[in-house]
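Okay, structure first, notes after.
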Amino acid sequence: MRAIRCNILRSVLASLLGLCGMAGAALGPVRAADEARPPLAIQFSLDRPIDAAAAPFVMAATGGLFTAEALSVTTNIAAGSPDAIARVAAGTSDFALVDINALMRFRDRDKQGVPPVKAVFVLFNKAPYAIIARKSRGVSSLSDIEGKNLGVAEGDLSIRLWPAVARLNGIKTASVKQSSISAAVREPMLSAGQIDAVTGFSYLSAINLRDRGVPADDLAVLKFADYGCEAYGFAVIVNPTLATAKPDAVRGFVRAVIRGVNLVIKDPMKATIEVVSRMDDGSREQELERLRTILRDNILTGEVKRSGIGGIDPARFERSIEQVAEDFKFQKRPQASDIFDDQFLPPLNGRLIN
């Protein structure tokens, strides 16, 4: 009887093994076909020259994360967010990293008949807008800016949210003298004491000023996010034709970027080395400090730790639209869904940051 049972068990096991073998044989050609599938060529635009803010994309490229998603990504540099958005709208770029608030304004002024460009992934959960001031010039807090000379570089994005921040904090904008300056002289003029403060990105001007010899304890970095600014910051946008025709490629791009963020968090020094190797005259020490500032202030926020990276809080986004509207007259006020499309994000467990 025992022998019969053993023979039956052997027969069952043999059958199972045979089925597994057949399944493996059937899967073999599929895997081979996937491996043989040529990668999809992708053009990706950064809205400014590479610096620490581009680290997740650099790590996604060097770590083979785009390749793993069957994407061959080539990066090009645009002349600001409006230019990068225009490239994506025209189809000369497939994706771009841009300021999502600039996207709102672009979409409102966009010509009829042009497919609507949307963001599909938010990298900066908090916008980096700030006023960077010298304490030795009498500015230590936001209220001190009244009666001071504020340098504003042409094309600066921070100044567009200044009216909302000023209103929220009871500051009379008319009491602040605004001097239009070139971006090239923003830090030199502040370090020379020719102006009292400048608008800019918190992770750029403040670190650049310290590199110019301005003592850290003489700098006041007044981040708009600390004074009621609801704005999100840099986000990935996609060409609408590509999003419709190849949604899996869009999802793959987003997955690769999320994994790139995780690589940056795991090893900021390695990410910095990779970034600096792609810069002209980049400083490893300076970009490492910049990267850590970005992670702390703009990416790894409380909202991201709770709800995962890449998405938006619709109620907060609606409030940010209202704040943008204080400096920009919309022809038609957008809704959050007009600007951001969450269908390409992975499930929450694929967006949680460790």
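Positions -25 to -1, 1 to 329 (mature numbering (1 follows the signal peptide of the UniProt record, and there is no 0)) are the ones given, in order, by the sequence shown.
Just so it is clear, CB atoms sit at the ideal spot from N, CA and C, and this is done for glycine as well.
Residue i and residue j closer than 8 Å at C-beta
{"i": "P31", "j": "L98", "result": "yes"}
{"i": "V63", "j": "S20", "result": "yes"}
{"i": "S177", "j": "D272", "result": "yes"}
{"i": "F228", "j": "D74", "result": "no"}
{"i": "I328", "j": "L266", "result": "no"}
{"i": "L184", "j": "V151", "result": "no"}
{"i": "S154", "j": "I134", "result": "no"}
{"i": "F96", "j": "V239", "result": "no"}
{"i": "K307", "j": "D83", "result": "yes"}
{"i": "residue 331", "j": "A28", "result": "The structure shown has nothing for residue 331, since the chain only spans -25 to 329."}
{"i": "D316", "j": "K123", "result": "no"}
{"i": "I25", "j": "M244", "result": "no"}
{"i": "R187", "j": "S166", "result": "yes"}
{"i": "A172", "j": "V213", "result": "no"}
Reduced DSSP secondary structure (H/G/I, E/B, other) of residue i
{"i": "Y104", "result": "strand"}
{"i": "S154", "result": "strand"}
{"i": "G227", "result": "helix"}
{"i": "L98", "result": "coil"}
{"i": "I134", "result": "helix"}
{"i": "A206", "result": "coil"}
{"i": "residue 340", "result": "The structure shown does not extend to residue 340, since the chain spans only -25 to 329, so no value can be given for it."}
{"i": "V5", "result": "Reliability of the predicted coordinates at V5 is poor, the pLDDT of 37 falling under 50, and no value is obtained from them."}
{"i": "L263", "result": "helix"}
{"i": "Q318", "result": "helix"}
{"i": "L184", "result": "helix"}
{"i": "G(-2)", "result": "Unreliable positioning characterises G(-2) in this predicted model, as indicated by a pLDDT of 41, which lies under 50. A coordinate reading is not provided."}
{"i": "R109", "result": "strand"}
{"i": "residue 330", "result": "Here the chain has residues from -25 to 329 only, and residue 330 is not among them."}
{"i": "G325", "result": "helix"}
{"i": "A167", "result": "coil"}
{"i": "N124", "result": "strand"}
{"i": "I212", "result": "strand"}
{"i": "V236", "result": "helix"}
Spatial distance of residue i from residue j (CA atoms)
{"i": "E262", "j": "E249", "result": "11 Å"}
{"i": "A71", "j": "T216", "result": "14 Å"}
{"i": "G286", "j": "N76", "result": "15 Å"}
{"i": "Q318", "j": "R326", "result": "13 Å"}
{"i": "A224", "j": "A218", "result": "8 Å"}
{"i": "K280", "j": "Y207", "result": "15 Å"}
{"i": "L136", "j": "E301", "result": "8 Å"}
{"i": "residue 330", "j": "P321", "result": "Since the first residue of the chain shown is -25 and the last is 329, residue 330 is not available in this structure."}
{"i": "Q298", "j": "G175", "result": "18 Å"}
{"i": "A59", "j": "I120", "result": "33 Å"}
{"i": "G(-5)", "j": "E278", "result": "In this prediction, G(-5) has a pLDDT of 40, which is less than 50 and means its spatial position is unreliable; what the coordinates show is noted afterwards. Looking at the two C-alpha atoms, the distance is approximately 48 Å."}
{"i": "I296", "j": "R161", "result": "28 Å"}
{"i": "S282", "j": "R109", "result": "36 Å"}
{"i": "I107", "j": "S312", "result": "33 Å"}
{"i": "N324", "j": "K241", "result": "18 Å"}
{"i": "P163", "j": "E129", "result": "15 Å"}
{"i": "M79", "j": "I314", "result": "7 Å"}
Which listed residue (the options) has its alpha carbon closest to that of residue i
{"i": "L179", "options": "Q169, A167, D171 and V196", "result": "V196"}
{"i": "V33", "options": "A311, A231, I296 and Q310", "result": "A231"}
{"i": "F81", "options": "P309, D316 and N237", "result": "P309"}
{"i": "D131", "options": "E278, P289 and A158", "result": "A158"}
{"i": "R291", "options": "A200, N214 and V213", "result": "A200"}
{"i": "A181", "options": "V229, S154 and P103", "result": "P103"}
{"i": "residue 415", "options": "N183, K307, A105 and R185", "result": "Residue 415 is absent from the structure shown; the chain starts at -25 and stops at 329."}
{"i": "residue 331", "options": "A28, A43 and D26", "result": "Only positions -25 to 329 of the chain appear in the structure, and residue 331 is not among them; the question remains open."}
{"i": "G235", "options": "N144, G126, M244 and L40", "result": "L40"}
{"i": "G66", "options": "I17, I25 and D193", "result": "I17"}
{"i": "S111", "options": "V189, E260 and A36", "result": "V189"}
Range covered by the beta strand (DSSP E) that runs through residue i
{"i": "V114", "result": "Where V114 is concerned, there is no enclosing beta strand (DSSP E), given that its DSSP letter is neither H nor E."}
{"i": "N51", "result": "L46 to I52"}
{"i": "G175", "result": "A172 to F176"}
{"i": "F19", "result": "L15 to L21"}
Residue range of the unbroken alpha helix (DSSP H) whose run includes residue i
{"i": "V92", "result": "Premise fails: V92 is in no alpha helix (DSSP H) and is neither H nor E."}
{"i": "I296", "result": "P289 to V299"}
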